[in-house]
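In the numbering used here, the protein residues as written are 453 to 491.
If you want it as structure tokens, here you go:
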């Protein structure tokens, strides 16, 4: 059970990290679009 839990935890944390990165990238993309519209 210990090994399986650690593997699940690693996958879970990696998923959270990628989610955070995707959100950050999406925000950056939105900011770029806004700048283009305003200029």
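A virtual CB, placed ideally from N, CA and C, is assigned to each residue, including glycine.
**Request:** Give every residue of the same chain whose Cβ lies closer than 7 angstroms to the Cβ of residue 482, excluding the five residues on either side of it in the sequence, and list them in chain order.
**Result:** In the chain shown, the residue the question calls residue 482 occupies position 30. Answer for residue 482: no residue qualifies.
**Request:** Determine the direct distance from the alpha carbon of residue 484 to that of residue 472, and round the result to whole angstroms.
**Result:** Position 20 of the chain shown holds residue 472. Position 32 of the chain shown holds residue 484. Their backbone Cα atoms lie some 18 angstroms apart in a straight line.
**Request:** Report the rounded CA-to-CA distance for residue 476 versus residue 454, giving the unit in angstroms.
**Result:** Counted from its first residue, the chain shown places residue 476 at position 24. Counted from its first residue, the chain shown places residue 454 at position 2. Between residue 476 and residue 454, the C-alpha separation is close to 33 angstroms.
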